[in-house]
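These notes concern the structure reproduced below.
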Amino acid sequence: MVTPLNGFTSSNMPSVAQAGSAPYPLIQWSAGRSAANQIPGSPALGIDARTGRLTVRPASLGLYVFGVRCSEYRRGVKIGETRRDFQLFVLNCPTNAAPRLQAQATGSPALFRPGQDTLRLVPGGNRCLTIRYTDPDPNSVLTLSSRPVNFTGPAPLFTTSRTGTVRAAGAPDTLTTTLCFPECIDSQGKVYLLDLIVADNGCSLPRRDTLRVAFTATIAPNAAPRLTSTFPPEPAQPTAPPAVVRVALGSRYSATLLGTDADRNALVLTATGDGFDLAARGMRFTAQNGPGEATGLFTWDPNCDAGSSTVTSLTVRFRLTETGPCVPIPKERVVRFELVPEKDSVAFRPPNIITPNGDAKNDFLSMPDLPADFCGRSFAGITIYSRWGQVVYQSPDRNFRWGGAGLAGSYFYLVRYTDGRRFKGWVEVKP
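Just add 88 to the spot in the sequence shown (first one is 1) and you have the numbering used here.
Take a look at the structure:
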């Protein structure tokens, strides 16, 4: 302990125009006071040189100033020091009584007994506590709080105000609030502990009261929803590759999905592509969602973009989710779609004989059943050759009609498509 610094001010000159520099003068002690007796009391002001703990119980009221110095030594030689001056205001506070609180389950006539009772929270049952708290001192401002002791996760919430003033003009002597536990808190068979704490603003040291509530909690059981579809059956093993649907270019594929839930929870069906946008690949998914049931329709019309893409395998995830239960159980169906070339028409068997004799029967060679044009694949032309390899007819029109070269004999045709495919055959002309 050291004598505080006085500076260059006095009662006659409480401030100076310009601050002076160190060293500063010390204060003058009044009779009975000294650096060793800065605040008389039992004990008087003192500090432990080892721990730095300062203790005092003043014998008189008022504002006190005292100084503390810390010196540093190395090998017995002082190498530096630092000091601080402090002020301490001693008040004559009345004795502050501790606040009190009690709790009871909403609708129950009995108070909760800490250490004896355990609150049991079950699905569909009451999950709230009515809490009353007060303080015997007048004009006390009280604040209520809660603190989980041995658990984390969803915490109970106060549904009404948890602070107020008691025993003041126009104020009640007791405050009431409600604390409710969330539906999805699950103690998993253990006893959870929750501290309810009420604190006042009393002088000089605020007081508090704690009520420890023991409780167990269970959540409502949730049956898993069911997801069915017209897709091929799922693999028996969960780790097996997904079911495969092969769709020919130019054809349409559609499937329906149905999600149901015995608990009538709200269901939502969605579909997402793995690394691609459904619409960009000619896929569409629409869903009708609702409580207890959701339906979906999936369609795929492979378009030209899909036909020209180097990716011929597309994976789509159909997901059924539910909202409402504490532990939702989603369902997912994964389907892989593979794009395969369009099959040629089985009816493409052009006639191998024509009789151009003017009877309006089989007078021309035509091929109405050629594979249809699609995207980058289209009819390029037909060439007809004589048996000696001479070109006797050519046409870029897929609706061509060749009536023979006017000479009987055997001829050979070549049909070409823009994607490189070719169809060859022969035809006999008998006028």
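Every residue, glycine too, gets a C-beta built ideally from N, C-alpha and C.
Under the three-state reduction of DSSP, alanine 305 is assigned to strand. By the C-beta density criterion, methionine 101 is exposed, having fewer than 16 other C-beta atoms within 10 angstroms. Contact fails between the stretch 187-202 and the stretch 157-169, because fewer than three Cβ pairs, one in each stretch, are under 8 Å apart.
Remark: C-beta atoms of valine 517 and methionine 455 do not approach each other more closely than 9 Å.
By the C-beta density criterion, proline 390 is buried, having at least 16 other C-beta atoms within 10 angstroms.
In the displayed model, cysteine 392 falls within a helix according to three-state DSSP. Remark: C-beta atoms of valine 178 and leucine 232 do not approach each other more closely than 9 Å. Short of 8 Å from the beta carbon of phenylalanine 174, and not among the five residues preceding or following it, lie these beta carbons of its own chain, in chain order: Val153, Phe154, Gly155, Val156.
Contact between leucine 281 and arginine 421 is ruled out by a C-beta separation of about 44 Å, above the 8 Å threshold.
Taking the C-beta atoms as reference points, leucine 408 is found nearer than 9 Å to glycine 347.
For aspartate 173, the uninterrupted beta strand (DSSP E) segment begins and ends at 165-178. The stretch 270-284 makes contact with the stretch 300-308; the number of CB pairs closer than 8 Å reaches 3 or more. Within the model, the alpha-carbon separation for serine 122 versus threonine 97 is close to 21 Å.
Annotation for asparagine 440: Gly513, Trp514, Val515, Glu516 place their beta carbon closer than 8 Å to its own, counting only its chain and skipping 5 residues before and after. Beta-bridge analysis with DSSP links leucine 263 to Tyr221. In its chain, beyond the 5 residues on either side, Thr231 have a beta carbon closer than 6 Å to the beta carbon of threonine 251. Under DSSP, the beta-bridge partners assigned to glutamine 190 are Arg220. One thing to note: arginine 486 has its Cβ within 9 Å of the Cβ of leucine 458.
Its chain contains Thr143, Val144, Arg145 as the residues whose beta carbon lies nearer than 8 Å to that of proline 131, once the 5 sequence neighbours on both sides are disregarded; these appear in chain order. No residue range can be given for glutamine 478, since it is assigned to no beta strand (DSSP E) and is classified by DSSP as neither H nor E. Nearest in C-alpha terms to phenylalanine 200, of all of Ile135, Leu385, Leu284, Leu263, is Leu284. Your pair alanine 185 and leucine 217 does not check out as a contact, with CB atoms roughly 24 Å apart and the cut at 8 Å.
Judged by their CB atoms, proline 321 and proline 330 are not nearer to each other than the 9 Å cut-off. Between the C-alpha atoms of valine 332 and phenylalanine 425 there is a straight-line separation of about 6 Å.
Annotation for methionine 455: no beta strand (DSSP E) segment contains it, and DSSP assigns it neither H nor E.
In the DSSP assignment, glutamine 276 falls outside any beta strand (DSSP E) and carries neither an H nor an E. Taken through DSSP and simplified to helix, strand or coil, arginine 295 comes out as coil. Classified as exposed, isoleucine 167 has fewer than 16 neighbouring CB atoms from the shown chains inside 10 Å of its CB.
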